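Student:
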Amino acid sequence: MNKLLITGIIIISVLSIIAVFAPFVAPHDPNNIDEASLLTPPSGKYLLGTDQLGRDILSRMIYGARISLSVGLIAIGIATILGLILGSLSGYYGGILDNIIMRFTDIMLCFPTFFLILAVVAVWESSIFNIMVIIGLTSWMGVARLIRAEILSLKEREFIQAEKAIGASNLRIITRHLIPNAIGPILVNVTLGIAGAILLESGLSFLGLGIQPPTPSWGNILIEAKSTLGVAWWLTVFPGLAILITILGFNLISEGIRREL
Amino acid sequence: MLTYILRRLLGIIPLLLGITLISFFIIHLAPGKPTTMQEAMNPKVSLEVRERLNKLYGLDKPIHIQYINWLKMLLRFDFGRSISDGRPVTEKILERIPVTLTINILAMFLIFLIAIPLGVFSAVKSGSVFDKITTVFVFIFFAMPTFWLALLAMQFFGIRLGWLPISGIKSLDFEYFSWWKRFLDILWHLALPVAVSAITGLAGISRYMRHNMLEILNQPYITTARAKGLPERTVIYKHGLRNAILPIITILGLSIPGLLGGSVIFESIFALPGIGELFYKAVMMRDYFLIMAEVVLGALLTMIGNLIADIGYAYADPRIRYGK
Amino acid sequence: MQKLLEIKNLKVQFDFEKYFISAVEDASLEVNENEIVGLAGESGSGKTITAFSITRILPAKAKIISGEIFFRNQNLLEASEEALRSIRGKEIAYIFQEPVAYLNPVMTVGDQIMEAVILHQFQDKTKAKDYVMELLGLVKIPQPQERFYAYPHQLSGGMNQRIMLAMSLACKPSLLIADEPTTALDVTIEAAILDLLLELKAEFQFSILFITHNLSILHRIADRIYIMHKGKTVESASKDDIFSNPKHPHTQELINAYLKVSEV
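Residue numbers (the working numbering), protein chains in the order written: chain A, 1 to 261; chain B, 1001 to 1324; chain C, 2001 to 2264.
Laid out in structure tokens, this is it:
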């Protein structure tokens, strides 16, 4: 357990607790409009200031943490499951199946992810659920390749032959032996993926194509930051800082795991 | 080497097919016709006009016929007409490519100019204070959302200090400038976007360079170089760097999809007329021919980038160029 | 016979900050002019680190803790990096195990030899190149004109070892340290390389410190032999004495490992 890993875990744990207990942690209702305090800088009452509608930034950001974390976890959850399935099938069974799946992976990898996501968002409405699914459906390729490579290298090892000899089913071999052996690099990939997903969601929301106001997301708070550039520095600094720290946390975990391997 | 190139080129064809398939079907996944959104925005459109629109875009035909028709158009480099203003999509894209290309090439240039020496020094002075500080910076910049950095930079350099413009690609009185002044004006406008665009890439690549360099410096042939009595500088640069830099060529190619994706946000923030901003507008307007074209283009550019990177690497590394 | 190299009680450790690993505990040996000295021991006995300590081409984590190394009465452990550099390649040269790994993969073999020549002998490129061709002939590389432009991966192990030899002999060193040079080669090539070594030594009169775990090679070419075991030099004697009267149990093990009945 090295320092990087521990720091990362602390950051993400704190964040998760804040997100889960948002209603108890947030000092105000994130959607509460206070007409007396439109666009005010940080003060005693509103620790991180207010936006143009007089809503407390701190509370909005705390609820925004919920969005970011859930999008990150679920989107990458989908991506990882998809990747594990496709990669395992590809590596274990080989042959034409492998060819087809790998071709498909190659094709998907040709698309700049953001372009693909935007294109889908153009035809579907941008609800949280859709965003999670879209990010998930466009981020599985890395895990697929990883697990396939692991399986290809482990497939011929003795302990797998031994398992086969005692009649273990293919599914059992894949899930009980092959995948756990590859867990290290997969975890690295997953944590980086979550960071990436959060970044994607923020970017989408910032463009107005992600989480729609009034639901608060760190990305869509930054929309206002742009239009009030130069006037309300707190709208820019704090949400961005939150994104930075979150991504840093996941990056640290990822690097920490990598060093333990 | 030639066979390698030919093989790679041939492999592109199924990829292209797959790309067009996916690009097409993504748009057609939506419930309703792709023009539904357009119509929804303008509810006064009558039934006849709607039917004419459907016919015009071939939407009354079964979907696989639509795909084939579109494919046929692609082969003629005709990407259809933009739904928002009726202009040919190809034209709209072509007029914007130079801006995006310039920004990304300049950014890549900046990245390599700074990231490579940074990575090399970090590796050579591994464990030193310099290395530790650089690592911290790299981690932070790597985690920074670029659009946030852009906003901060705009706020600081643009508004507070007033040094650099924060939007557009030319000043208002551009028309009255001499050629030289126009050139400088554009550079001045590009300074902020290119710099911000380069920073995340810089973090990643300098890290990668450092890792590579460290590995190479542990190789046996470095010992030989030292045993020959060569000065340390020669050992590091002539023997070490020459080997460590090879994979960077591939990284170049691999960074293209990231740069393209980023350009959407980037160009929107800085109001630069590139293909990213065009894509953004197309998405907002549900301009589906334009969207499909941009997706295919993005994939195409990525593929070309990878191809160049692979072939470039194969050429640079004698083990592949003159493989046994 | 003049004393060329003297190592006394060398101790080298690998420093990993929180702990260290002993590489060489106590090594002592001598090499005189114009003789072949063998340094034998099992893998991990410290032979290579001892050899690399001589000109300090050690890996970064290796630290020389104590001991003395003299080359022609010059204390190498106290010499500056610059002084060492003028000795490396010029007075003391190396050839290594697995030559393809020890040659730069992105430079032609010709250029790599040229580098050594230009550094220590002729600055003029044409003269240097002619000299390299001479060297290639000396080490019996066929078609040297073409081979000059080859890359290491295009040549066989045996050829690469000859290239290494050419590179190290470029400046007529007085001591050639050969670290398991034939271990990675197959037996017939090994014989050819050993023949070549002996030939060149006879012609140019340099000493060889030959490191190996294969005593049968030393039986063939060495004058004197040192045995290393777990970081210490445990026995040293002339070749005949070692084989007829091994004192240390480990020596006997090494002999058993390699000597066939007929040769004893």
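Built from N, CA and C at the ideal position, the CB exists for glycine as well.
In this text, all values refer to a predicted model and were calculated from it rather than measured experimentally.
1. Only counting runs of 4 or more residues, tell me where the alpha helix (DSSP H) segments fall wholly within the region 2140-2176 of chain C, in order along the chain.
2. Rounded to whole angstroms, how far is the Cβ of Met1209/B from the Cβ of Ile1248/B, which I believe are closer than 8 Å?
3. So is Tyr1004/B in contact with chain D if we call contact Cβ pairs under 8 Å?
4. Short of 8 Å Cβ to Cβ, which residues in the region 2085-2106 of chain C face chain B?
5. Look at the alpha carbon of Arg2220/C and the alpha carbon of Met1213/B, and state the distance between them as a whole number of angstroms.
6. Would a C-beta distance cut-off of 8 Å place Leu2286/C and Ile2255/C closer than the cut-off?
7. I want to verify the contact list: residues of chain C whose CB lies under 7 Å from the CB of Ala1242/B, in sequence order.
8. What first and last residue would you give for the beta strand (DSSP E) that runs through Val2037/C?
9. What's the C-alpha gap between Ile247/A and Ile194/A?
10. Do you know offhand how far Ser2207/C's Cα is from Leu1246/B's?
11. The region 2166-2192 of chain C: which residues have C-beta closer than 9 Å to a C-beta of chain B, in chain order?
12. Classify Gln2002/C as buried or exposed, calling it buried when 16 or more other Cβ atoms lie within 10 Å of its own Cβ.
13. Return the CA-CA distance between Ser126/A and Ile211/A, expressed in angstroms with no decimal places.
14. If Ser1084/B and Asp1287/B are in contact, beta carbons under 8 Å, what's the gap, nearest whole angstrom?
15. Please report whether the beta-carbon of Glu2146/C lies at a distance below 8 Å from any beta-carbon of chain B.
16. For Leu1187/B, count neighbouring C-beta atoms within 10 Å of its own C-beta (all shown protein chains included) and say buried if the count is 16 or more, exposed if not.
17. Shortest alpha-carbon distance to Leu2200/C belongs to which of Lys2011/C, Ser2174/C, Thr2212/C and Ile2007/C?
18. Does the CB of Ile1140/B have a neighbour CB from chain A at under 8 Å?
19. For the alpha helix (DSSP H) holding Ser2244/C, just list the boundary residues, first then last.
20. Can you pull the chain A residues whose beta carbon is under 9 Å from the beta carbon of Leu1260/B, in chain order?
21. Residues of chain B with CB closer than 7 Å to the CB of Ala2023/C, please, in chain order.
22. When you compare the region 2147-2155 of chain C with the region 2167-2186 of chain C, are there three or more beta-carbon pairs, one atom per stretch, that lie closer than 8 Å?
23. Determine the burial state of Gly249/A: buried for a count of at least 16 other Cβ atoms within 10 Å of its Cβ, exposed for fewer.
24. Would you verify that the beta carbon of Val1099/B is, or is not, closer than 8 Å to some beta carbon of chain A?
25. Just mark Asp2195/C as buried or exposed, buried being the case when its beta carbon has 16 or more other beta carbons within 10 Å.
26. Any beta carbon from chain B within less than 8 Å of Leu2119/C's own beta carbon?
27. Taking Cβ-Cβ distances below 9 Å as the criterion, which residues of the region 2245-2259 of chain C are in contact with chain B?
28. For the alpha helix (DSSP H) holding Ser70/A, just list the boundary residues, first then last.
29. Under 9 Å Cβ-Cβ, which residues of chain A neighbour Leu1015/B?
30. Of all the residues that make up the region 1297-1321 of chain B, which are near chain A by a beta-carbon distance shorter than 9 Å?
31. Looking at the structure shown, is Met2228/C part of a helix, part of a strand, or coil, going by DSSP?
32. In three-state DSSP terms, what is Ile1083/B?
33. Cβ-heavy atom distance between Pro1145/B and the ligand ATP below 7 Å?
34. Applying the 10 Å Cβ sphere with the 16-neighbour rule, what's the burial state of Tyr2019/C?
35. Note down the Cα distance separating Leu1029/B from Phe115/A, rounded to an integer number of angstroms.
36. Can the beta-carbon of Ile2163/C be found closer than 8 Å to that of Ile2113/C?
Tutor: Reading it off the structure:
1. Counting only runs of 4 or more, we get 2144-2147 and 2157-2169.
2. At roughly 7 Å, the Cβ-Cβ gap stays under 8 Å, so Met1209/B and Ile1248/B are in contact.
3. In the structure shown, chain D cannot be found, because the protein chains are A, B and C.
4. Residues are counted here when their Cβ sits less than 8 Å from a Cβ of chain B; for the region 2085-2106 of chain C these are Arg2085, Ser2086, Ile2087, Arg2088, Gly2089, Lys2090, Ala2093, Tyr2094, Phe2096, Glu2098, Ala2101, Tyr2102, Leu2103, Asn2104, Pro2105 and Val2106, given in chain order.
5. Their Cα atoms are separated by approximately 42 Å.
6. Since the first and last residues shown for chain C are 2001 and 2264, residue 2286/C lies out of range.
7. Here residue 1242/B turns out to be Arg, not Ala, going by the sequence shown. What Arg1242/B touches in chain C: Val2106.
8. Note, Val2037/C: beta strand (DSSP E), Ile2036 to Ala2040.
9. Looking at the two C-alpha atoms, the distance is approximately 8 Å.
10. Cα-Cα distance, rounded: 39 Å.
11. If the cut-off is 9 Å between Cβ atoms, the region 2166-2192 of chain C has Met2167, Ser2168, Ala2170, Cys2171 and Ile2177 near chain B.
12. Gln2002/C is exposed by the Cβ-count criterion.
13. The straight-line gap from Cα to Cα measures roughly 7 Å.
14. Yes, they are in contact, since the Cβ atoms of Ser1084/B and Asp1287/B sit about 5 Å apart, within 8 Å.
15. Closer than 8 Å: no.
16. When all chains shown are included, Leu1187/B counts as exposed.
17. Closest option to Leu2200/C, Cα to Cα, is Ser2174/C.
18. True, the Cβ-Cβ gap to chain A drops below 8 Å.
19. Per DSSP, Ser2244/C belongs to the alpha helix (DSSP H) from Lys2239 to Ser2244.
20. For Leu1260/B, the C-beta contacts it makes with chain A under 9 Å involve Pro112, Phe114 and Phe115, in order along the chain.
21. By Cβ distance, chain B contributes nothing, its closest Cβ being about 15 Å from Ala2023/C, past 7 Å.
22. Segment contact: the region 2147-2155 of chain C against the region 2167-2186 of chain C, fewer than three CB-CB distances shorter than 8 Å; contact not assigned.
23. Its Cβ being crowded by 16 or more others within 10 Å, Gly249/A is buried.
24. No, its Cβ sits nowhere closer than 8 Å to a Cβ of chain A.
25. Exposure of Asp2195/C is indicated by the presence of fewer than 16 other C-beta atoms within 10 angstroms of its C-beta.
26. Closer than 8 Å to some Cβ of chain B, the Cβ of Leu2119/C qualifies, so yes.
27. Here the close residues number zero.
28. For Ser70/A, the enclosing alpha helix (DSSP H) covers residues Ile57 to Tyr93.
29. The contacting residues are Arg103, Asp106, Ile107 and Cys110.
30. Of all residues in the region 1297-1321 of chain B, Leu1297, Gly1298, Ala1299, Leu1300, Leu1301, Thr1302, Met1303 and Asn1306 have a Cβ within less than 9 Å of some Cβ in chain A.
31. Of the three classes helix, strand and coil, the one that applies to Met2228/C here is strand, per DSSP.
32. Collapsing the DSSP output to three states places Ile1083/B in coil.
33. The ligand ATP is not among the ligands present in this structure, which contains no ligands whatsoever.
34. The residue is exposed, with fewer than 16 neighbouring Cβ atoms inside 10 Å.
35. Looking at the backbone, the Cα of Leu1029/B and that of Phe115/A are separated by about 16 Å.
36. Less than 8 Å divides the Cβ of Ile2163/C from the Cβ of Ile2113/C.
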